[in-house]
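Visitor:
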Amino acid sequence: MASGTEVLTTPLVAVHKSLKAKMVPFGGWLMPVSYTTVLQEHKAVREACGIFDVSHMGEVMVTGANAAAFLQHLTINDIEKLKDGSGQYSAMLHEHGGMIDDLIVYRLKADKYLLCVNASNTAKDFAWIDKQARKFSEVQVADESNLWSQLAVQGPASAKAVEALIGATDLAQFRSLQYMDIMNLKLFGKAALLARTGYTGEHGYEIYLPNEVAEKTWAALLETQPVTGIQPIGLGARDTLRLEACYLLYGNDMNDEVSPLEAGIGWATRLTKADFIGRAALVQQKEAGPKRSQFAFVMVEDGIPRSGMDLYRNGEKIGVVTSGSVLPTVGGAGGMALIARGKANLNDEVEVDIRGKRKLARLVQKPLYKAKVKG
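Right, here's the structure in full:
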């Protein structure tokens, strides 16, 4: 999947170029940012269906008799809640509570788990996972990222599009999938996995498939266009879609120094379970109160906020924008920000420093767009 020594490409790079996609570097990969316009692609996913090449994401397989115990120690969520064919959102932490990465953990079998990690973090994540796994017996970990392509199919018509890939013997299972479930299937004779999840706030699926059938699967999905309205979607719309749903982006909304409590994913952090890496720091942080909190905001005055811009209230700097953009479905512009404890509350007006000019914004309840993933 490597192209030269400077940039990585997915098995679908030729397809993207044939579609005249605008290609940009992203996390060490050459990826399509758009095929038409970000606004048009965003609208297509909200109203019909879109297909994304997310083959840059990382896949780590964890196997062995002690796989569950190892993952219980490694991640913040409760592995014991998983059954065969189910998944959960989680994260891995440093001992001091900062986030190494957020990820999805799927239980394929009692002794086999798939971890989907962020593209730019795959090498770092695997080094950490491998290091921790060495402390456990009967646990094997493997970075299988180069073996898998990944397609995301998202939008109200996504089930109809994906159903075109499903054989008769798998149809009942496909139709019964609940949010965060995963199933085995065959695509053009090759073993693949299909998860009911996504990063857009819409009903959707993510397909893990061997590289050699990526182009055929992409083409088969696009053939449903007359019925589903499916179209290729780039990373630009993926970002505005996830931002409206207030889904976190590693490197923006969280990093090695931001804890899950600060980032707003305390709901996925099981402090009552057995000890896990970073738990002690989180318990201490919860008792003292996190020093920062994640807020959503919308612009009151014209201006497009971007990651890294400072936030002010009553002339005092109180935080920083972690993600910001236009909000095509919501309208206007806005984003998410980390704000120091006690410096602001919901519905307060704040100012965003946009290229030297302070523009009014208002702190609002998350999410900016109510997700429809379970519908």
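Residue numbers (our numbering): 13 to 387. We treat Cβ as the ideally placed atom computed from N, Cα and C, and that holds for glycine.
Let me check one thing: in DSSP terms, what residues is Arg-119 bridge-paired to?
Guide: Ser-98, Tyr-125.
Visitor: Roughly how many whole angstroms lie between the Cα atoms of Ala-122 and Pro-168?
Guide: Roughly 33 Å between the two C-alpha positions.
Visitor: Which two residues bound the contiguous beta strand (DSSP E) that contains Trp-140?
Guide: Element bounds for Trp-140: not the beta strand (DSSP E) but the alpha helix (DSSP H), 134 to 145.
Visitor: Kindly indicate which three-state DSSP category Leu-206 falls into: helix, strand or coil?
Guide: In this structure, Leu-206 counts as strand in the three-state DSSP scheme.
Visitor: For Ala-176, I'd like the list of residues in its chain whose CB is within less than 8 Å of its CB, leaving aside the five on either flank, ordered along the chain.
Guide: Here the set comprises Ala-232, Leu-233, Glu-235, Thr-236.
Visitor: In the DSSP assignment, find the unbroken alpha helix (DSSP H) run with Thr-334 in it and report its ends.
Guide: That residue, Thr-334, is in no alpha helix (DSSP H); its beta strand (DSSP E) goes 328 to 338.
Visitor: Do three or more CB pairs link the segment 100 to 111 to the segment 53 to 60 at distances below 8 Å?
Guide: Touching, no.
Visitor: Where DSSP assigns a beta bridge to Ala-345, which residues make up the other side?
Guide: DSSP, once it has assigned bridges, lists Val-338 as partnering Ala-345.
Visitor: On the DSSP bridge assignment, give the partners of Pro-168 in chain order.
Guide: In the DSSP output, where bridge partners are listed per residue, Pro-168 has none listed.
Visitor: Near Leu-8, which residues of its chain fall below 7 Å by C-beta distance, leaving aside the five closest residues on each side in sequence?
Guide: No answer is possible for residue 8: it lies beyond the span of the chain, which begins at 13 and ends at 387.
Visitor: Would you tell me roughly how many angstroms separate the C-alpha atoms of Ala-300 and Ala-145, rounded to the nearest one?
Guide: Cα to Cα, the separation comes out at about 32 Å.
Visitor: Give me, in chain order, the residues of the same chain whose beta-carbon lies closer than 7 Å to that of Phe-8; leave out the 5 immediate sequence neighbours on both sides.
Guide: Summary: the structure shown does not reach residue 8, with the chain confined to residues 13 through 387, and so no result is reported for it.
Visitor: Give me, in chain order, the residues of the same chain whose beta-carbon lies closer than 7 Å to that of Ala-286; leave out the 5 immediate sequence neighbours on both sides.
Guide: If we look at Ala-286 and ignore the five residues flanking it on each side, its Cβ neighbours are Gln-84.
Visitor: Buried or exposed for Asn-133, please, with buried defined as at least 16 other CB atoms from any protein chain shown within 10 angstroms of its CB.
Guide: Asn-133 should be labelled buried.
Visitor: So what's Leu-234 in DSSP terms, helix, strand or just coil?
Guide: In the structure shown, Leu-234 sits in a helix (DSSP, three-state: H, G or I).
Visitor: Taking Cβ positions, are Arg-374 and Asn-359 nearer each other than 8 Å?
Guide: In this structure, Asn-359 lies closer than 8 Å to Arg-374 by Cβ.
Visitor: Taking the C-alpha atoms as reference points, what is the distance between Gly-201 and Leu-24?
Guide: Their Cα atoms are separated by approximately 19 Å.
Visitor: Of the residues Glu-256, Val-270, Asn-264, Ile-316, which one's Cα is nearest the Cα of Val-406?
Guide: Outside the shown range of the chain (13 to 387) lies residue 406, about which nothing can therefore be said.
Visitor: Using 8 Å for Cβ pairs, my map puts Tyr-267 next to Ser-319. What's the rounded Cβ distance?
Guide: In the sequence as presented, Tyr is not what sits at residue 267; that position holds Asn. At roughly 11 Å, the Cβ-Cβ gap does not stay under 8 Å, so Asn-267 and Ser-319 are not in contact.
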